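Chemist: All residue numbers for the sequence shown refer to numbering that gives the first Met the number 0, where the first residue is 0 and numbers rise by one.
Each residue gets a CB set at the ideal place from its N, CA and C atoms; glycine is no exception.
Values in this document were obtained by computation on a predicted structure and should not be read as measured data.
Before I ask anything, here is the structure I am working with.
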Amino acid sequence: MLFDPTIFENLKVAFENQLYDLDTLEQTITITGRADRIDMAVMSRECTLLFELREHKDVTAEVTLTTSLKDLAAELLEQEGASPGCRLLLRFHLNVRGEQAICAELGRIVQQIWELEQPPVQRLSFVYGEEPTIYRNTIEVDFGRTINEDQMEDIPSLLAYMVRSLEELNPLIREAN
Numbered sequence: 000m001l002f003d004p005t006i007f008e009n010l011k012v013a014f015e016n017q018l019y020d021l022d023t024l025e026q027t028i029t030i031t032g033r034a035d036r037i038d039m040a041v042m043s044r045e046c047t048l049l050f051e052l053r054e055h056k057d058v059t060a061e062v063t064l065t066t067s068l069k070d071l072a073a074e075l076l077e078q079e080g081a082s083p084g085c086r087l088l089l090r091f092h093l094n095v096r097g098e099q100a101i102c103a104e105l106g107r108i109v110q111q112i113w114e115l116e117q118p119p120v121q122r123l124s125f126v127y128g129e130e131p132t133i134y135r136n137t138i139e140v141d142f143g144r145t146i147n148e149d150q151m152e153d154i155p156s157l158l159a160y161m162v163r164s165l166e167e168l169n170p171l172i173r174e175a176n
């Protein structure tokens, strides 16, 4: 029996190849983390890659690709009428001191670059009692739909948008902090 890679495997390898090329060949980014998980409780898969600009490390970008048992089963069993795929979530992690004004500007920049219909979600967290209060801001870009191999040719431009986001967010964070 011949092994046929799943949509998740094909997309995961495509993202890894593109990101490692940006790291090792073009040397514009540095990959700072990688996780490839299988959740046996719900039979899901998740791959996360973290990276930052080689010259500016104030903002970290994250690409997370996930798939569920439902999507894997629909694909492997070739269920009629099913549209199996993966969920793609992009995040930007950074530290901010004054959350109100800077968060509005960060959201505006991300929304402008990505031309989002809805503003990106920003989640702030902090260590209680730490002075001065430094907030960990996670900005999420969620496309609200699944992707499959039909979107594989979009990966280079998607990663170019991520690099552009890093290029525009880093100076703002350096100035604000």
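What beta strand (DSSP E) runs, 3 residues minimum, are completely inside the segment 38 to 76?
Modeler: You should have 43 to 52 and 58 to 66.
Chemist: Under the rule that 16 or more other beta-carbon atoms within 10 Å means buried, what is residue 4, buried or exposed?
Modeler: It counts as exposed.
Chemist: In its own chain, which residues sit with a C-beta less than 7 Å from the C-beta of residue 110, not counting the 5 before and 5 after it?
Modeler: Result list for residue 110: 118 and 119, in chain order.
Chemist: Look at the alpha carbon of residue 152 and the alpha carbon of residue 90, and state the distance between them as a whole number of angstroms.
Modeler: Rounded to the nearest angstrom, the two C-alpha atoms are 21 Å apart.
Chemist: Does DSSP classify residue 82 as helix, strand or coil?
Modeler: Looking at residue 82 - three-state DSSP - the assignment turns out to be coil, as it is neither helix nor strand.
Chemist: Take the Cβ of residue 149 as the centre, count every other Cβ of all protein chains shown within 10 Å, and call the residue buried at 16 or more, exposed below.
Modeler: Label assigned to residue 149: exposed.
Chemist: Check this for me: beta carbons of residue 166 and residue 55, under 9 Å apart or not?
Modeler: Yes. Within cutoff.
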